[in-house]
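Input: a single structure, listed below in structure tokens.
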């Protein structure tokens, strides 16, 4: 038997709504004890717009411009990351990155400014977040030390309502959604079709 991919006329993206804002000081890295307070769904004829609608439903306001902070673990330094950065640059964003991520992006022709990690001294990325210089955070970590080092970044981003993505796939989807929002008008579609 041969199976064919279905030709679906729509995409649905489910997003958990997490209560981080209700608990100041809690770390936003998801653990087994964290429970969502609900879910929302974005539905559209394209995946990027469905993702955008899911983010909007969850209360995440993706920026249309500004500076993006990238700090990406080595295993996520892939062609997908390059495409993510290229999409954002094409939409008018500028990029700030930690030294290792900046070297990777620059080796692929993407200009970026280098910023210190929190433990490297000041001024660092947290200073830039607090000063309102960063509009979007793409931060993937690996290992307990890296997770602990990025806790203050997550905390400030949450407090200041700066969108924060912790996986390469979500960062790529967010970049696609930002681009789609600039190209297509959002519409309300009925579930009945």
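Numbering (our numbering), first residue to last: 20 to 212. Glycine included, C-beta positions come from ideal geometry on N, C-alpha and C.
Is the separation between the beta-carbon of residue i and that of residue j shorter than 8 Å?
| i | j | result |
| --- | --- | --- |
| residue 99 | residue 35 | no |
| residue 87 | residue 157 | yes |
| residue 149 | residue 142 | no |
| residue 147 | residue 115 | yes |
| residue 291 | residue 129 | Because the chain is modelled from 20 through 212, residue 291 falls outside the range shown and cannot be assessed. |
| residue 205 | residue 68 | yes |
Can you round the beta-carbon distance between residue i and residue j to whole angstroms, since I take them to be within the 8 Å contact cut?
| i | j | result |
| --- | --- | --- |
| residue 133 | residue 118 | 5 Å |
| residue 199 | residue 71 | 6 Å |
| residue 32 | residue 75 | About 11 Å separates the two Cβ atoms, so there is no contact after all. |
Hey, how far is the Cα of residue i from the Cα of residue j?
| i | j | result |
| --- | --- | --- |
| residue 51 | residue 166 | Confidence in residue 51 is poor, its pLDDT being 48 and thus under 50, which makes the residue's placement too unreliable to answer from. |
| residue 181 | residue 25 | 37 Å |
| residue 82 | residue 64 | 22 Å |
| residue 77 | residue 85 | 21 Å |
| residue 94 | residue 159 | 10 Å |
| residue 89 | residue 122 | 11 Å |
| residue 28 | residue 138 | 48 Å |
| residue 144 | residue 161 | 18 Å |
| residue 176 | residue 184 | 10 Å |
| residue 178 | residue 169 | 14 Å |
| residue 192 | residue 209 | 23 Å |
| residue 113 | residue 152 | 11 Å |
| residue 203 | residue 66 | 12 Å |
For residue i, verify whether its CB is less than 7 Å away from any heavy atom of the ligand SAH.
| i | result |
| --- | --- |
| residue 31 | No copy of the ligand SAH appears in this structure; indeed no ligand is present at all. |
Exercise for the section: Please list the segments of the beta strand (DSSP E) lying wholly inside the region 91 to 142, counting only runs of 3 or more residues, in order along the chain. Expected result: Runs of the beta strand (DSSP E) inside the region 91 to 142: 113 to 116.
Problem - Runs of alpha helix (DSSP H) lying entirely within the region 173 to 206, each at least 4 residues, in chain order - result: Taken in chain order, the complete alpha helix (DSSP H) segments of 4 residues or longer contained in the region 173 to 206 are 187 to 202.
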